[in-house]
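Novice: Encoded as structure tokens, here's the structure I'll be asking about.
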Amino acid sequence: MNFLYFDPGLGAMIVQAVVAVAAGVLLFSKGVMYKVKSFFGLAKEEEDTYDSIDIDEQDSDVNDED
Amino acid sequence: MTKINNNIHEASFRDPSGYMFHDAATLRRVINPIYFPQYNKLKESGFFRTLIDKGLLISHEETEVSEDKIIITPEEIPFVTNPYEWSFEQFKHAALHTLKIQKYALSKGFILKDASAYNVTFHKGKPIFIDTLSFDFYEKDTPWRAYKQFITHFFGPLVLAKYHGTEVFKMLQTHIDGVPVKLIASLLPGKSKLSSTLYTNIHLLAKMESKHSEDYKAETKVARLSKKAQNNILESLFDYIKRLDLKEASEWGDYYDKTNYEDAAFIAKKEFVSSWVATLKPERLIDVGGNDGTFARTVLEKVPHVIVTDIDSNAVGYNYQQVQKNKELNMLPFVCDVLQPAPGVGFNNTERTSLIERLKEYTPDVTMALALIHHITLSGNVPFEKSAEFFAKFSKYLIIEFPTRKDSWVESLLVRKREFINHFDFYNESDFEAGYLNYFEVEKKELITGTKRILYLLKRKNNGG
Numbered sequence: 300m301n302f303l304y305f306d307p308g309l310g311a312m313i314v315q316a317v318v319a320v321a322a323g324v325l326l327f328s329k330g331v332m333y334k335v336k337s338f339f340g341l342a343k344e345e346e347d348t349y350d351s352i353d354i355d356e357q358d359s360d361v362n363d364e365d
Numbered sequence: 006m007t008k009i010n011n012n013i014h015e016a017s018f019r020d021p022s023g024y025m026f027h028d029a030a031t032l033r034r035v036i037n038p039i040y041f042p043q044y045n046k047l048k049e050s051g052f053f054r055t056l057i058d059k060g061l062l063i064s065h066e067e068t069e070v071s072e073d074k075i076i077i078t079p080e081e082i083p084f085v086t087n088p089y090e091w092s093f094e095q096f097k098h099a100a101l102h103t104l105k106i107q108k109y110a111l112s113k114g115f116i117l118k119d120a121s122a123y124n125v126t127f128h129k130g131k132p133i134f135i136d137t138l139s140f141d142f143y144e145k146d147t148p149w150r151a152y153k154q155f156i157t158h159f160f161g162p163l164v165l166a167k168y169h170g171t172e173v174f175k176m177l178q179t180h181i182d183g184v185p186v187k188l189i190a191s192l193l194p195g196k197s198k199l200s201s202t203l204y205t206n207i208h209l210l211a212k213m214e215s216k217h218s219e220d221y222k223a224e225t226k227v228a229r230l231s232k233k234a235q236n237n238i239l240e241s242l243f244d245y246i247k248r249l250d251l252k253e254a255s256e257w258g259d260y261y262d263k264t265n266y267e268d269a270a271f272i273a274k275k276e277f278v279s280s281w282v283a284t285l286k287p288e289r290l291i292d293v294g295g296n297d298g299t300f301a302r303t304v305l306e307k308v309p310h311v312i313v314t315d316i317d318s319n320a321v322g323y324n325y326q327q328v329q330k331n332k333e334l335n336m337l338p339f340v341c342d343v344l345q346p347a348p349g350v351g352f353n354n355t356e357r358t359s360l361i362e363r364l365k366e367y368t369p370d371v372t373m374a375l376a377l378i379h380h381i382t383l384s385g386n387v388p389f390e391k392s393a394e395f396f397a398k399f400s401k402y403l404i405i406e407f408p409t410r411k412d413s414w415v416e417s418l419l420v421r422k423r424e425f426i427n428h429f430d431f432y433n434e435s436d437f438e439a440g441y442l443n444y445f446e447v448e449k450k451e452l453i454t455g456t457k458r459i460l461y462l463l464k465r466k467n468n469g470g
């Protein structure tokens, strides 16, 4: 069950299909570029202090439901 | 952080899943039966545990369980800052934090049902998610319901700040539910349409939103979106935001190089501040106009919680970077213009409380106002009695620096008054004292050697004036 307590915006729901395609293409091409740059030793370290989007779960025992 | 009205926290009425209330001094959260299935699953699956252990979600204790309600008591956050008080870096990190949590939620069969910027605040030197009831079950192949909210609360303002500076964050004071997509699109330069990320997430979104705005009966079928596709959106937004930088040149940097005093004077001032604070043993301290936190850092080890405000978002950003780098858990920087502090906004004007309300609740034992009064008085034209009244509203002890008329900064501010210079004859030591003595008594008074500045330690009178 999913209850909705604010309007997510219909346009915003539909547009995500297009956004996702563009994002997919971009992520793929960046991945390729990164590999090419790393090969030539040109990949730069990021300066920002926030870590990655992924949560490292090695030290917690959560059951993955996927 | 809020006004007490029937004890229900004024910021939590929008969500039917539950609400926050004040139990004497403790803030607790009631969960309504409608949210029990989600709550139990989040708890039992270990989802809450992981987020809390990783320091991503505010921790809580279950303090009461009955058939018609569950009460949880979250860890106390001494001072809650709002999005329009964040520096660029803080805003950025709050956005990244939200995406990170959504991505994790998705992998565990949940979603963030909203992506309000108010769900994040800063605590122990880091962004933290504070709305424990923001999670819901993921329904297979549905797009992210909070996507638009993420754009209007986070992505839009950040991109606008890149082009127009951090002043745009103040738009969130007038748009409590985010800057409208159409407005964001219209404020971006034409070339932003060439970026596939900006084009799809903002310009196309704005178009689609106006196209479908009249679907009153919710007739159009909602599109489907695979989990993988949604992850692509999240990752691509994360990458884009992480790389985002301000266009405006940073001005904070050489402030302490530009100041007009010698190293020895600088050290003398630090020593006074440090020894006075040591005798007062404050639990909580605020440094108003504290720039990048240089002076607050001299007392950081002695005070359990320190907040530092400055009008200059770059200085606050620099301070925040230091906090992150040095892992200073007890320092909280945020942006504040003393002449125009954050008002109470939202429904009833109480949904997000004003800075003064929050400071009154924070009750700092010591307030520091160093190298600030000449700006308030001469740039802001605020009489001494008025600024004294402001400080007396929340401070018990006030360490205030008074640069005399002979100080070079004051001289320059006075010269800029041109033909009105004699309207500011009141800017002198005795008028300053007369104004402040309405609300405070002088505990200590020292001339900072090598400068034309006087440092006062004032104590608020019991009747507050």
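Quick mapping for you: the protein sequence lines, in order, are chains S and F. All residue numbers for the first sequence refer to the working numbering, where the first residue is 300 and numbers rise by one. All residue numbers for the second sequence refer to the working numbering, where the first residue is 6 and numbers rise by one. Yeah, the Cβ is synthetic: ideal placement off N, Cα and C, and Gly gets one too. A quick note: this is a predicted structure, and the numbers were derived from the prediction, not measured.
(1) Excluding the five sequence neighbours on either side, which residues of its own chain have a C-beta within less than 8 Å of the C-beta of SER241 of chain F, listed in chain order?
(2) With a CB to CB cut of under 8 Å and the five nearest residues on each side skipped, what residues in its chain are close to GLU416 of chain F?
(3) Going along the region 53 to 67 of chain F in order, which residues come within less than 9 Å of chain S, judged by CB to CB distance?
(4) Among F:GLU424, F:GLU406, F:LEU360, F:HIS379, which one has its Cα closest to the Cα of THR86 of chain F?
(5) Evaluate HIS428 of chain F with the Cβ neighbour count: other Cβ atoms within 10 Å of its Cβ, from every protein chain shown; 16 or more gives buried, anything less gives exposed.
(6) For LYS8 of chain F, decide whether its Cβ has a neighbour in chain S, counting only Cβ atoms nearer than 8 Å.
(7) Considering Cα atoms alone, identify which of F:SER121, F:ASN353, F:PHE134 is closest to ILE106 of chain F.
(8) Specify, as a first and last residue, the run of the alpha helix (DSSP H) that PHE84 of chain F falls within.
(9) Against chain S, does THR205 of chain F count as a neighbour if the rule is that its beta carbon must be under 8 Å from one of theirs?
(10) How about PHE174 of chain F: is its C-beta nearer than 8 Å to some C-beta of chain S?
(11) Could you name the residues of chain S that SER417 of chain F contacts, counting a contact when the two beta carbons are closer than 7 Å?
(12) Do LYS108 of chain F and LEU249 of chain F have their beta-carbon atoms positioned less than 8 Å apart in this structure?
(13) Beta-carbon of ASN301 of chain S versus every beta-carbon of chain F: anything under 8 Å?
(14) Could you tell me which whole alpha helix (DSSP H) segments of length 4 or greater appear in the region 344 to 421 of chain F?
(15) Have a look at F:ILE63, F:ILE272, F:LYS46 and flag the residue whose alpha-carbon is nearest the alpha-carbon of THR78 of chain F.
(16) What does DSSP give as the partner residues of LEU452 of chain F in its beta bridges?
(17) On a CA-only basis, which of F:ASP20, F:TYR44, F:LYS131, F:ASN124 is nearest LEU329 of chain F? Give me that one, please.
(18) Taking 8 Å as the CB-CB limit, is GLU316 of chain S close to chain F?
(19) Could you name the residues of chain S that TYR168 of chain F contacts, counting a contact when the two beta carbons are closer than 8 Å?
(20) Give me the chain S residues within the contact set of LEU209 of chain F, using Cβ-Cβ distance strictly less than 7 Å, ordered along the chain.
(21) Would you report the Cα separation of LEU230 of chain F and PRO338 of chain F, rounded to the nearest angstrom?
(22) What are the start and end residues of each continuous alpha helix (DSSP H) run of 4 or more residues lying completely inside the region 80 to 140 of chain F, in chain order?
(23) Drop a sphere of 10 angstroms on the beta-carbon of SER121 of chain F, count the other beta-carbons inside from all chains shown, and report buried for 16 or more, exposed for fewer.
(24) With distances taken Cα to Cα, identify the nearest neighbour of PRO38 of chain F among F:ILE116, F:PRO287, F:ALA29, F:TYR24.
(25) Is it buried or exposed for GLU144 of chain F, if we count other Cβ within 10 angstroms and need 16 for buried?
(26) For TRP149 of chain F, decide whether its Cβ has a neighbour in chain S, counting only Cβ atoms nearer than 8 Å.
(27) CB GLU288 of chain F to CB PRO309 of chain F, shorter than 8 Å?
(28) For THR456 of chain F, tell me which candidate among F:PHE389, F:ARG423, F:GLU406 has the shortest Cα-Cα distance.
(29) Specify the secondary structure class of TYR40 of chain F as computed by DSSP and reduced to three states.
(30) Say whether chain S places a C-beta atom closer than 8 Å to the C-beta of HIS217 of chain F.
(31) Might you give, ordered along the chain, the residues of its own chain that have their beta carbon closer than 6 Å to the beta carbon of LYS401 of chain F, omitting 5 neighbours on each side?
(32) Could you list which residues in chain S have their beta carbon closer than 7 Å to that of SER241 of chain F, in chain order?
(33) Which same chain residues end up closer than 8 Å to PRO148 of chain F when comparing Cβ atoms and leaving out the 5 residues on each side of it in sequence?
(34) Between the region 291 to 303 of chain F and chain S, which residues of the former have a C-beta closer than 8 Å to a C-beta of the latter?
(35) Looking at the C-beta of TYR349 of chain S, does it have a partner C-beta in chain F at a distance below 8 Å?
(36) Short check: CB of VAL125 of chain F to CB of THR157 of chain F, under 8 Å?
Specialist: Let me spell this out:
(1) THR202
(2) ARG410
(3) ARG54, THR55, LEU56, ASP58, LYS59, LEU61
(4) F:LEU360
(5) exposed
(6) Here the model assigns LYS8 of chain F a pLDDT of 40, short of 50, so the residue's position is not dependable, and the following value carries that caveat. No - not a single Cβ of chain S is within 8 Å of the one on LYS8 of chain F.
(7) F:PHE134
(8) From DSSP, PHE84 of chain F is part of no alpha helix (DSSP H); its letter is neither H nor E.
(9) yes
(10) no
(11) Those do not exist, as SER417 of chain F stays about 35 Å from chain S at its closest Cβ, beyond 7 Å.
(12) no
(13) Residue placement at ASN301 of chain S is poorly supported in this model, since its pLDDT is 39, which falls under 50; the coordinates are not used for a value here.
(14) 360 to 367, 389 to 397, 413 to 420
(15) F:ILE63
(16) F:ILE459
(17) The sequence given here has Gln at residue 329 of chain F, not Leu. The shortest C-alpha separation from GLN329 of chain F is found at F:LYS131.
(18) Here residue 316 of chain S turns out to be Ala, not Glu, going by the sequence shown. For ALA316 of chain S, the answer is yes, since a Cβ of chain F falls inside 8 Å of its Cβ.
(19) By Cβ distance, chain S contributes nothing, its closest Cβ being about 19 Å from TYR168 of chain F, past 8 Å.
(20) VAL314, VAL317
(21) 39 Å
(22) 93 to 112
(23) buried
(24) F:TYR24
(25) exposed
(26) yes
(27) yes
(28) F:GLU406
(29) helix
(30) yes
(31) ASP370, ARG465
(32) ALA322, LEU325, LEU326
(33) VAL227, ALA228, ARG229, LEU230, GLN235
(34) none
(35) yes
(36) no
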